[in-house]
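Novice: My structure is below; once you've seen it, I'll send some questions.
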Ligand code: GCU
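Numbering (our numbering), first residue to last: -10 to 330.
As structure tokens, then:
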């Protein structure tokens, strides 16, 4: 197991400063939050999940100082229960159920889900003229510290959280955010920026998500900037081949999730996301949680495949297999939350 003695420590740094650094150097400034978010139910499938939980397509309309933006979300809540916990799932597709979201099973475990497709917010490319980007960036032009697409998807996840506040079936104190890979990076940033969440779940988020960037044996900043420069702010480019000059590392993103919980899931064969560096981040962020009087991760020994480290405010597992958001991951998430029905 690697050791990292050269990580900048977030201990003693104010949370607002941790966030300022992360936004300035990596993700960029997020558009200002909406002053109103309203939902209009466009369609209802009353027979969804054998009639146990209607599926509603809802169009959210967000009004902010910079203008107006609307996008669809998909809402499923168990009919027979009240005060249900909820997952806000930032997904690659708008299908419900989906290969990344076993919706009926989540209903059976007593969870509501609010899902949106990230490309309904803005396309996953360097075009900043469409969707939310088209409204907030005039002529598609960004300044060096304006956010990239991860910041825009994060903004949308927080708007869904705003909408969730109006849903009477949902227990507002038990709402978590989940995302896989690029959307795992997004889930971690969402949890960092929004203290209303109970837990942020990162599935295989890897480079510029959960994984420590220094001494990474998978994807490096130069790889991610070569392929996906538009996920980040322009400032991030200066860290290509210069990880050691980062004034932070990715454990700051986990630390910024405090005081609520955060969870990192890895997959054994997903070398690109670098499970070992994802785990190191949990161990390093754990010291920060401890420094503010909270339990962090319950073991700092890299676990065997299939084993979970649960019980603290930072959870971790590494399952067998490759880069995917699987049913097994969801079941570990539900176990970690440990909400008694
Ligand atoms: C690429 C990218 C990763 C990202 C992944 C995904 O592999 O290099 O950083 O996490 O796509 O989102 O699926």
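Every residue, glycine too, gets a C-beta built ideally from N, C-alpha and C.
With DSSP as the reference, label residue 237 as helix, strand or coil.
Specialist: The residue labelled residue 237 in the question sits at position 248 within the chain shown. Residue 237 falls in the coil class under three-state DSSP.
Novice: Specify, as a first and last residue, the run of the beta strand (DSSP E) that residue 187 falls within.
Specialist: Locating residue 187 in the chain shown gives position 198, counting from the first residue. Careful: residue 187 lies outside any beta strand (DSSP E) and carries neither H nor E.
Novice: Who are the Cβ neighbours of residue -1 in its own chain at under 6 Å, not counting the five residues just before and after it?
Specialist: As a position in the chain shown, residue -1 is number 10, starting the count at 1. Closer than 6 Å at the Cβ level, and outside the excluded window around residue -1, lie 7, 241, 244 and 277.
Novice: Would you kindly report the start and end of the unbroken alpha helix (DSSP H) that includes residue 92?
Specialist: Residue mapping note: residue 92 aligns to position 103 of the chain shown, counting from 1. Here the alpha helix (DSSP H) through residue 92 covers 92 to 97.
Novice: Would you kindly check if the distance between the Cβ of residue 38 and the Cβ of residue 92 is under 8 Å?
Specialist: Walking along the chain shown from the start, residue 92 turns up at place 103. Walking along the chain shown from the start, residue 38 turns up at place 49. Their beta carbons are under 8 Å apart, which means residue 92 touches residue 38 by this criterion.
Novice: From this set, 224, 49 and 97, which residue's C-alpha is nearest residue 148's C-alpha?
Specialist: Residue 148 sits at position 159 when you count from the first residue of the chain shown. It is 49 whose Cα lies nearest to the Cα of residue 148.
Novice: Spatial neighbours of residue 309 within its chain, please: CB distance less than 6 Å, with the 5 preceding and 5 following residues excluded, ordered by chain position.
Specialist: Position 320 of the chain shown, counted from the first residue, corresponds to residue 309. The answer, listed in chain order, is 257 and 294.
Novice: Cα separation between residue 217 and residue 69?
Specialist: Numbered from 1 along the chain shown, position 228 holds the residue referred to as residue 217. Numbered from 1 along the chain shown, position 80 holds the residue referred to as residue 69. Rounded to the nearest angstrom, the two C-alpha atoms are 44 Å apart.
Novice: Consult DSSP for residue 300 and reduce its assignment to one of helix, strand or coil.
Specialist: Here residue 300 refers to the residue found at position 311 of the chain shown. Note: residue 300 maps to coil in three-state DSSP.
Novice: Please find out if some non-hydrogen atom of ligand 1 comes closer than 7 Å to the beta-carbon of residue 108.
Specialist: Translated into positions along the chain shown, residue 108 becomes position 119. The answer is no for residue 108.
Novice: When the Cα atoms are used, what is the spatial distance from residue 188 to residue 251?
Specialist: As a position in the chain shown, residue 188 is number 199, starting the count at 1. As a position in the chain shown, residue 251 is number 262, starting the count at 1. If I take the Cα positions, the gap works out to 5 Å.
Novice: If we count the other Cβ atoms within 10 Å of its Cβ and call it buried at 16 or more, is residue 328 buried or exposed?
Specialist: Counting from one through the chain shown, the residue named residue 328 turns up at place 339. Residue 328 is exposed by the Cβ-count criterion.
Novice: Mind checking whether the beta-carbon of residue 215 lies closer than 7 Å to any heavy atom of ligand 1?
Specialist: Your numbering for residue 215 matches position 226 in the chain shown. No.
Novice: Enumerate in chain order the residues of its own chain whose CB-to-CB distance from residue 121 is below 6 Å, with the five nearest sequence positions on each side excluded.
Specialist: Here residue 121 refers to the residue found at position 132 when the chain shown is read from its first residue. Same-chain partners within the cutoff: 58, 110, 111 and 141.
Novice: From residue 63 to residue 17, what does the alpha carbon distance come to, in whole angstroms?
Specialist: Taking the chain shown and counting its residues from 1, the one referred to as residue 63 is at position 74. Taking the chain shown and counting its residues from 1, the one referred to as residue 17 is at position 28. Computed Cα separation, rounded: 28 Å.
Novice: Are the beta-carbon atoms belonging to residue 19 and residue 12 less than 8 Å from one another?
Specialist: Numbered from 1 along the chain shown, position 30 holds the residue referred to as residue 19. Numbered from 1 along the chain shown, position 23 holds the residue referred to as residue 12. Cβ distance < 8 Å, so residue 19 and residue 12 count as in contact.
Novice: Over the uninterrupted beta strand (DSSP E) stretch that includes residue 11, give me the two end residues.
Specialist: Counting from 1 along the chain shown, the entry for residue 11 is found at position 22. That residue, residue 11, is in no beta strand (DSSP E); its alpha helix (DSSP H) goes 4 to 11.
Novice: Residue 208: beta carbon under 7 Å from a heavy atom of ligand 1?
Specialist: By 1-based counting over the chain shown, the position of residue 208 is 219. Yes, ligand 1 has a heavy atom inside 7 Å of this Cβ.
Novice: Could you give the C-beta distance for residue 100 and residue 76, rounded to a whole number, given that I count them as a contact under 8 Å?
Specialist: Walking along the chain shown from the start, residue 100 turns up at place 111. Walking along the chain shown from the start, residue 76 turns up at place 87. About 6 Å; that satisfies the 8 Å criterion.
Novice: Confirm the yes/no value for this check: CB of residue 171, any heavy atom of ligand 1, distance under 7 Å.
Specialist: If you number the chain shown from 1, residue 171 lands on position 182. Yes, the beta carbon of residue 171 sits closer than 7 Å to at least one heavy atom of ligand 1.
Novice: In angstroms, rounded to a whole number, what distance separates the CA positions of residue 197 and residue 9?
Specialist: Start at 1 with the first residue of the chain shown, and residue 197 comes out as number 208. Start at 1 with the first residue of the chain shown, and residue 9 comes out as number 20. About 16 Å.
Novice: To which residues of the same chain is residue 225 closer than 6 Å at the C-beta, ignoring the five residues directly before and after it?
Specialist: Position 236 of the chain shown, counting from 1, holds the residue named residue 225. Contacts found: 15.
Novice: CA-CA distance, residue 317 and residue 127?
Specialist: Counted from its first residue, the chain shown places residue 317 at position 328. Counted from its first residue, the chain shown places residue 127 at position 138. The straight-line gap from Cα to Cα measures roughly 43 Å.
Novice: Which partner residues does residue 61 have in the DSSP bridge list?
Specialist: Taking the chain shown and counting its residues from 1, the one referred to as residue 61 is at position 72. Paired residue(s): 48.
Novice: Can you tell me the Cβ-Cβ gap for residue 137 and residue 220, rounded? I've got them flagged as a contact below 8 Å.
Specialist: Translated into the one-based positions of the chain shown, residue 137 becomes position 148. Translated into the one-based positions of the chain shown, residue 220 becomes position 231. The pair is a contact, with the Cβ atoms about 5 Å apart (cut-off 8 Å).
Novice: Measure the beta-carbon distance from residue 174 to residue 194 and round it to whole angstroms, keeping in mind my assumption that it falls under 8 Å.
Specialist: Translated into the one-based positions of the chain shown, residue 174 becomes position 185. Translated into the one-based positions of the chain shown, residue 194 becomes position 205. Correct: roughly 5 Å between the Cβ atoms.
Novice: For residue 29, which residues does DSSP report across the bridge?
Specialist: Stepping through the chain shown from its first residue, residue 29 is reached at position 40. BP columns for residue 29 point to 48.
Novice: Does DSSP put residue 68 in a helix, a strand or coil?
Specialist: Within the chain shown, the letter at position 79 stands for residue 68. Three-state result, residue 68: coil.
Novice: The beta strand (DSSP E) that contains residue 312, what's its start and end?
Specialist: The sequence position of residue 312 within the chain shown is 323, counting from 1. Segment: none, residue 312 is in no beta strand (DSSP E) and carries neither H nor E.
Novice: Would you list the one or two residues that DSSP bridges to residue 252?
Specialist: One-based indexing of the chain shown puts residue 252 at position 263. DSSP lists 190 and 304 as partners of residue 252.
Novice: Identify every run of the beta strand (DSSP E) within the segment 134 to 214, keeping only runs that are complete inside it and at least 3 residues long; order them along the chain.
Specialist: 159 to 169 and 188 to 192, all fully within the segment 134 to 214.
Novice: Going by other Cβ atoms of all chains shown within 10 Å of its Cβ, with 16 needed for buried, is residue -10 buried or exposed?
Specialist: Position 1 of the chain shown, counted from the first residue, corresponds to residue -10. Under this definition residue -10 is an exposed residue.
Novice: Of all the options 227, 83 and 312, which has the alpha carbon lying nearest to the alpha carbon of residue 261?
Specialist: Taking the chain shown and counting its residues from 1, the one referred to as residue 261 is at position 272. Among 227, 83 and 312, the Cα nearest to that of residue 261 belongs to 312.
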